[in-house]
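Below is one structure; the comments refer to it alone.
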Amino acid sequence: MTETMLSILTPEGLRRAVDLSDELLLKMYRVMLMTRALDDRAMRAQRQGRIGFYVPCRGSEACHIGSAAALEAEDWIFPSYRETGIPLLRGLALDPMIAQLVGNTADIVKGRQMPNHFAFKDIHFTSISSPIGTQITQATGAAMAARYRKDGRVVLTFMGDGGTSSNDFHSGLNFAAVAKAPIVFFITNNQWAISCPVSEQTASETLAEKAAAYGMPGVRVDGNDIFAVYEATRKAAERARAGEGPTLIEALTFRMSSHTSSDDAGKYVPKEMFAEWEKKDPVDRLRNYLMAHGLWDAAREAALLAECSEQVAAAFKRVLSQPGQPIAGMFDDVFAEMPATLQRQREEFLAELEQLGEIENRSQAFPL
Ligand SMILES: Cc1ncc(C[n+]2csc(CCOP(=O)(O)OP(=O)(O)O)c2C)c(N)n1
Ligand SMILES: [Mg+2]
């Protein structure tokens with residue numbers, strides 16, 4: 054079974070009208086450029102040893118920015134780990150994101166999560182978890198709760214092509230469909246799960262067709278076409294909010310980077326693939342549309358590029374100027390009242406550190 058792929062944006066314009074205001078288009082474009090600037094700078098900061106680890110999202114900006122833009126601000130996002138643009142779309146400043154990468158005193162989770170594992174409750178963006186697929190069942194549970202509470206909220210959860218092989222994929226989709234939970238399952242099919250190509254991930258022709266087995270609609274979209282992504286998600290969210298249950302969206306895109314800062318995709322992704330997808334860059338495609346429709350020009354492009362890179366550089370500088378987490382803090386926030394045994398360990402540990410003269414010499418380097 055092969056579904057046709059929803060694609061709306063062509064080099065000549067739109068195949069059909071989409072209910073998307075110029076204002077929102079320009080906002081999404083701005084967030085895409087800011088996300089790229091953050092992505093580039095974060096990778097450089099990792100190479101410079103300023104942060105320990107980063108997960109680039111280059112190439113999949115239209116997938117997560119376009120789909121999140123189709124939701125309401127109160128709706129919950131259960132991310133995978135490559136949805137860096139969503140907090141920015143929801144108005145979060147750069148500083149808390151960068152602080153999470155650095156893990157110093159500016160970080161709201163006190164450096165206790167792995168870098169790039171953001172969690173921003175105020176903007177309804179739940180914590181990223183490393184184990185593949187766990188967010189799918191968590192998101193389903195949250196959507197079922199929303200249905201019981203009748204709070205009108207929709208949940209949008211992301212996973213990669215590799216994530217569709219997880220046990221949570223089955224449990225999450227099955228429960229959600231049976232319970233008619235208000236959830237949108239969004240697969241960012243970037244064709245690779247680290248070095249495993251999608252052809253070795255599944256024998257299904259498409260990932261979207263897996264929806265049929267669960268009794269929900271499956272839609273395949275061009276993931277580098279922000280109009281198609283927005284439109285498919287808007288429809289799925291509308292359906293979810295109307296009590297009609299979940300939808301599975303597969304967005305076809307390409308990871309225009311390595312898996313993470315610890316990987317080198319040049320060792321296993323064919324060079325021609327990079328060249329082919331470079332021509333379909335989602336940021337270029339939206340820019341071309343905006344320019345062709347008089348919504349953008351070269352001067353505005355240059356000004357915005359400069360602004361994004363200055364803002365990201367300034368935010369990194371502000372965050373990096375903050376002190377590291379106090380080492381004794383690792384004993385905090387575990388018990389409401391610290392047990393005597395832990396108290397003793399803490400004192401012994403501090404006495405030992407003092408003896409070694411290491412208390413003042415804490416570096417902020419991440420031990421990877
Ligand atoms: C349960 C589990 N198994 C293996 C890993 C190691 N791992 C981290 S990312 C990844 C690949 C995931 O690929 P995909 O779902 O396509 O997402 P992408 O990285 O392409 O965005 C793997 C195997 C893990 N984190 N969790
Ligand atoms: Mg993948």
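In terms of this note's numbering, the sequence shown opens at residue 54 and continues consecutively. Glycine included, every Cβ here is placed at the ideal spot set by N, Cα and C.
Item, Value
"Limits of the alpha helix (DSSP H) - the one that Asn227 falls within", "220-231"
"Proximity winner among Glu284, Gly225, Ala293, relative to Ala266 (alpha-carbon distances)", "Gly225"
"Delimiting residues of the alpha helix (DSSP H) encompassing Asp453", "Because the chain in this structure spans residues 54 to 421, residue 453 falls outside the shown range and cannot be described."
"Ala289: CB within 7 Å of a non-hydrogen atom of ligand 2", "no"
"For Met81 and Ala122, believed in contact at Cβ under 8 Å, the rounded distance", "6 Å"
"By C-beta, the residues closer than 7 Å to any heavy atom of ligand 2, given in chain order", "Gly213, Asp214, Gly215, Thr241, Asn242, Asn243, Gln244, Trp245, Ala246, Arg308"
"Close Cβ partners of Gln364 (< 8 Å) along its chain, the five nearest in sequence each way excluded", "Met87, Ala90, Leu147"
"Closer than 7 Å: Ser314 CB and nearest ligand 1 heavy atom", "no"
"Integer Cβ distance of Lys233 from Glu297, believed to fall under 8 Å", "7 Å"
"CA nearest to the CA of Asn243, picked from Met58, Gly112, Thr394", "Gly112"
"Neighbour-count burial assignment, Tyr134, 16 or more Cβ in a 10 Å radius", "buried"
"Every unbroken alpha helix (DSSP H) inside the region 285-332 [4 residues or more]", "324-331"
"Enclosing beta strand (DSSP E) for Met269 [first to last residue]", "Careful: Met269 lies outside any beta strand (DSSP E) and carries neither H nor E."
"Reduced DSSP category for Thr259 - H, G, I as helix; E, B as strand; rest coil", "coil"
"Secondary structure of Val108, DSSP reduced to three states", "coil"
"Supposed contact pair Ala289 and Val208 - C-beta distance, whole angstroms, cut 8 Å", "Going by Cβ atoms, the distance from Val208 to Ala289 rounds to 11 Å, so no, they are not a contact pair."
"Boundaries (first-last residue) of the alpha helix (DSSP H) holding Val150", "Val is not the amino acid found at residue 150; the sequence shown has Met there. From DSSP, the alpha helix (DSSP H) with Met150 extends over 147-155."
"Distance cut-off 7 Å: Arg94 Cβ against heavy atoms of ligand 1", "no"
"Status (buried if at least 16 other CB within 10 Å, exposed otherwise) for Glu329", "exposed"
"Terminal residues of the alpha helix (DSSP H) in which Leu86 lies", "75-100"
"Cβ-heavy atom distance, Pro235 to ligand 1, below 7 Å", "no"
"Ligand 1 heavy atom lying under 7 Å from the CB of Ser180", "no"
"Other residues of its chain near His312: CB distance less than 6 Å, five sequence neighbours each side excluded", "Ile247"
"Residue from Gly105, Pro132, Ala304 whose Cα sits closest to the Cα of Val272", "Ala304"
"Classification of Arg69 by the beta-carbon crowding that lies within 10 angstroms, buried from 16 upward", "exposed"
"Residue burial classification, Val231 (beta-carbon count within 10 angstroms, cutoff 16)", "exposed"
"Proximity below 8 Å, CB of Gln188 to CB of Pro168", "no"
"Proximity to Val84 [Cα-Cα], best of Trp129, Glu136, Gln99", "Glu136"
"Cα-Cα separation between Pro420 and Thr394, rounded to whole angstroms", "No answer about Pro420 holds up, because its pLDDT of 49 lies below 50 and its placement is not dependable."
"Inter-residue Cα distance where the pair is Asn341 and Phe388", "55 Å"
"Stretch-stretch touch, CB-based, cutoff 8 Å, three pairs: the region 250-269 with the region 324-339", "no"
"Whole-number beta carbon distance between Ser314 and Tyr107, since they are thought to touch under 8 Å", "5 Å"
"Identity of the residues DSSP links to Val237 by a beta bridge", "Leu209, Thr300"
"When His117, Gly144, Asp221 are compared against Pro132, the one with the closest alpha-carbon", "His117"
"Proximity test, Ser183 beta-carbon vs ligand 1 heavy atom, cut-off 7 Å", "yes"
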